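Notes for the one structure printed next.
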Amino acid sequence: MIQSFLEIKELTKNFGGLRAVNHVNFSMERDQILGLIGPNGAGKTTLLRLITGILKPDSGSVRFMGKEIIGRKTWDIVNMGIACTFQNMRPFRRLPIIANVMVSCLCPRAMKRGEWVKRLEAKAMDALEFAGISDMAREDASTLSQGDLKRLEVARAIATEPELLLLDEPFGGLSPAETDLMAKSISRLHKGGRFGRLHSEGPAMIIVEHKLQWLMKIADRIIVLNFGNIIADGTPDEIIKNPYVIEAYLGQGGN
Amino acid sequence: MDLILFYLRKLFTILKNEVLVLPSRVVVVLFFLLLLLLPVFTKDPYLLRIFTLTSIFAILAASWDLLSGFTGQMNFGHALFFGVGAYGAALLNKHVGIPPWGTVPLGALAAVVSGLIIGIPCLRLRGTYLALTTLAFPIILMGVVFAFPGLTGGELGISGIARLAGSRVIDYYIAVVVMLGLCTIMWKITDSNTGIIFHAIREDELAVKAAGINTTRYKLLAFSLSGFFAGISGGLYAHFMRIAGPSTLEVSMSFQVVIWAIFGGIVTIYGPVGAVFILFPLLEFLRFWQEFRMLMFSVVVLLILLYMPDGLFRWLRDKVEKECPRCKIRNVAMRHTCRVCTAPLD
Ligand SMILES: Nc1ncnc2c1ncn2[C@@H]1O[C@H](COP(=O)(O)OP(=O)(O)O)[C@@H](O)[C@H]1O
Ligand SMILES: [Mg+2]
Chain S
0 MIQSFLEIKE LTKNFGGLRA VNHVNFSMER DQILGLIGPN GAGKTTLLRL
50 ITGILKPDSG SVRFMGKEII GRKTWDIVNM GIACTFQNMR PFRRLPIIAN
100 VMVSCLCPRA MKRGEWVKRL EAKAMDALEF AGISDMARED ASTLSQGDLK
150 RLEVARAIAT EPELLLLDEP FGGLSPAETD LMAKSISRLH KGGRFGRLHS
200 EGPAMIIVEH KLQWLMKIAD RIIVLNFGNI IADGTPDEII KNPYVIEAYL
250 GQGGN
Chain C
0 MDLILFYLRK LFTILKNEVL VLPSRVVVVL FFLLLLLLPV FTKDPYLLRI
50 FTLTSIFAIL AASWDLLSGF TGQMNFGHAL FFGVGAYGAA LLNKHVGIPP
100 WGTVPLGALA AVVSGLIIGI PCLRLRGTYL ALTTLAFPII LMGVVFAFPG
150 LTGGELGISG IARLAGSRVI DYYIAVVVML GLCTIMWKIT DSNTGIIFHA
200 IREDELAVKA AGINTTRYKL LAFSLSGFFA GISGGLYAHF MRIAGPSTLE
250 VSMSFQVVIW AIFGGIVTIY GPVGAVFILF PLLEFLRFWQ EFRMLMFSVV
300 VLLILLYMPD GLFRWLRDKV EKECPRCKIR NVAMRHTCRV CTAPLD
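Each protein sequence line maps, in turn, to chains S and C. Numbering follows numbering that gives the first Met the number 0, in which position 51 of the first sequence is assigned residue number 50; successive positions increment by one, without gaps. Numbering follows numbering that gives the first Met the number 0, in which position 160 of the second sequence is assigned residue number 159; successive positions increment by one, without gaps.
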């Protein structure tokens, strides 16, 4: 049997009486960008947090490149090559932006992979440049706007040099023009572009996003989640036509 | 001769370009010089004794800042490390006969072990719970001390241990040089990559984990480093006073450290050091005024905390220096343009 890059089986998470993720099964390949959509409270963030080990599932398994990762510490999972961003950004507010990214550059994985870049600051600067906020590198993170905080989240995540990047609403709070830029950077990263020169190939991605018209452009495949269940899984074109999806998600005012 | 001139010229250039440009650096250099030269001007044993003790406590206050200020692990039982260092050194000296230069580092290692022991249960705790738990540890150890009076001397402590050195002046120099050295090391640590991670843990521990950093390891590192420096301070204290008693473990000792640090300004290292150099001698000199001593002391501390919430030295520094909005380099407040990038200040 050929091993999947990421394989999720029967993953379930309850918060008290509430089942946030319900027997979720899917697998993805190394070269994919997977869009994860669903109404608010569908369990998207919870699913990402289960993969990164921030939350412990009640049952189920997650295999990453053939290894079970449920039960491992978050930092171990990150050092195996899964990085994530936080939906409600969590910068180190009283540290300069560059120091925010340097923390990620200091993880064992990043130290090992980019060792030919001599200075840590240069590495952090690379990630900031990719995210488009390098000109503010010396400012404190508390001075950043919402949109720039999103970029900082992305910069911190890619600085750990992931194989799989989990982005939780990377376009949230960005203006249409900024969203366009961010969407372009993300595809470029995936193809192994600018920041991708540190990688042999760009990372695979799971992107949670509400701005569907942009997500459809960059994703190869979309999974729709509702009340913790996967209700649809297919290419963007199939998803737009799926009657369940239109009812559960697109129908209720989304576009 | 030429070589000497060369180095003198080099020293002068450094002095001119690196030190004289910022008041805070001038103050630090003067502080080093004054402390190192004090015995040249006076050999008054009372004065030397006060500044020896001040130096010893300055190490303690800085070590608290390293742990609680930088990583945000509020330790209200810092006396534990001080006490373990003091008792460790005293026991090793009295019962094993090791001289002070051996007992002080060994006592500090014992304090590192105690740091790890309390660090492990404290890893999961935060805020008030962490503060209360840490508060309890020195009290527990004091119970142990009283339980074995044969070994620890009980209430009287272990007395009659070896002197730090042969004379007051040498005692003074040992304390001052060790203090200046260790505080420089602590400041360097906070300025290093490890320091960045300490800062980040204080800001948001989960985000540090998500950056692939083993936060457990770094928190334990902070506990051990802090324990080590505080342990050195405790060992020096025991050999200087020639006694290690339960007073080193008292709750008031733990609180004293917190007051010093907050007074001077946490997350600075230099703040707590400076604070000890003001508050400890102040308390000593107020001795003639026995009844009002604690009252005066409290008033001074309260005023500072009310009007300078970031601590005395941060406040002073911000009065005489300002940061360039462009390159973030500090400048004398009198300047109108940045000394490096020439951007207008304010
Ligand atoms: N830490 C938590 N404790 C309790 N309930 C939670 C927690 N996190 C999420 N939930 C609940 O789980 C459900 C799914 O949340 P979430 O994964 O954040 O949804 P989404 O990201 O799809 O909007 C929601 O009903 C939410 O209220
Ligand atoms: Mg969410």
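Just so you know, even glycine gets a beta-carbon here, dropped at the ideal spot from N, CA and C. As the structure is a prediction and not an experimental result, all values here were calculated from the model.
Closest Cβ-Cβ distance between residue i and chain S: below 8 Å?
i        : result
C/ALA209 : yes
C/LEU294 : no
C/LYS218 : no
C/LEU66  : no
C/MET330 : Per the sequence shown, residue 330 of chain C should be read as Asn rather than Met. With 8 Å as the cut-off, C/ASN330 does not count as an interface residue toward chain S.
C/ASP43  : no
C/HIS198 : yes
C/LEU205 : yes
C/ILE195 : yes
C/LYS187 : no
C/LYS327 : yes
C/ASN213 : yes
C/GLU154 : no
Any chance the CB of residue i is under 7 Å from a heavy atom of ligand 2?
i        : result
S/VAL207 : yes
S/THR84  : no
S/LYS43  : yes
S/ASP167 : yes
When the distance is taken between beta carbons, is residue j closer than 8 Å to residue i?
i        : j        : result
C/PHE276 : C/ALA57  : yes
S/GLU152 : S/THR73  : no
C/PHE296 : C/LEU311 : no
S/THR178 : S/CYS106 : no
S/ILE36  : S/LEU211 : yes
C/SER349 : C/VAL144 : Given that chain C is displayed from residue 0 to residue 345, the structure contains no residue 349 of chain C and the question cannot be resolved.
S/GLY34  : S/GLU200 : no
S/PRO161 : S/ALA82  : yes
C/THR189 : C/LEU65  : yes
C/LEU302 : C/LYS321 : no
S/PRO95  : S/ALA136 : yes
S/VAL77  : S/ILE68  : no
C/VAL18  : C/ILE138 : no
C/PHE50  : C/LEU37  : yes
C/PRO271 : C/TRP63  : yes
In three-state DSSP terms, what is residue i?
i        : result
C/ILE119 : helix
S/HIS22  : strand
S/CYS106 : coil
C/THR336 : strand
S/PRO95  : strand
S/LYS66  : strand
S/ILE238 : helix
S/LYS210 : coil
C/ASN213 : coil
S/GLY195 : Confidence at S/GLY195 is low in this model, with a pLDDT of 49, below 50, so its placement is unreliable and no value can be given for it.
C/LYS15  : helix
S/ILE132 : coil
S/GLU9   : strand
C/ASN74  : coil
C/VAL266 : coil
Can residue i be considered in contact with ligand 1, in the sense that its beta carbon sits closer than 7 Å to one or more heavy atoms?
i        : result
S/ALA19  : yes
S/PHE25  : no
S/GLY80  : no
S/GLY59  : no
C/PHE227 : no
S/ASN228 : no
C/ASN213 : no
S/PHE14  : yes
S/GLY40  : yes
C/PHE142 : Looking at the sequence provided, one finds Gly at residue 142 of chain C rather than Phe. Not under cutoff, so the answer is no.
S/VAL65  : Per the sequence shown, the amino acid found at residue 65 of chain S is Gly instead of Val. The answer is no for S/GLY65.
S/GLY37  : yes
Using a Cβ cut-off of 8 Å (strictly closer), state whether residue i contacts chain C.
i        : result
S/VAL153 : no
S/MET204 : no
S/ARG62  : no
S/VAL23  : no
S/HIS198 : Unreliable positioning characterises S/HIS198 in this predicted model, as indicated by a pLDDT of 48, which lies under 50. The coordinate reading is nonetheless provided below. It does not; no Cβ of chain C falls within 8 Å.
S/LYS12  : no
S/PHE170 : no
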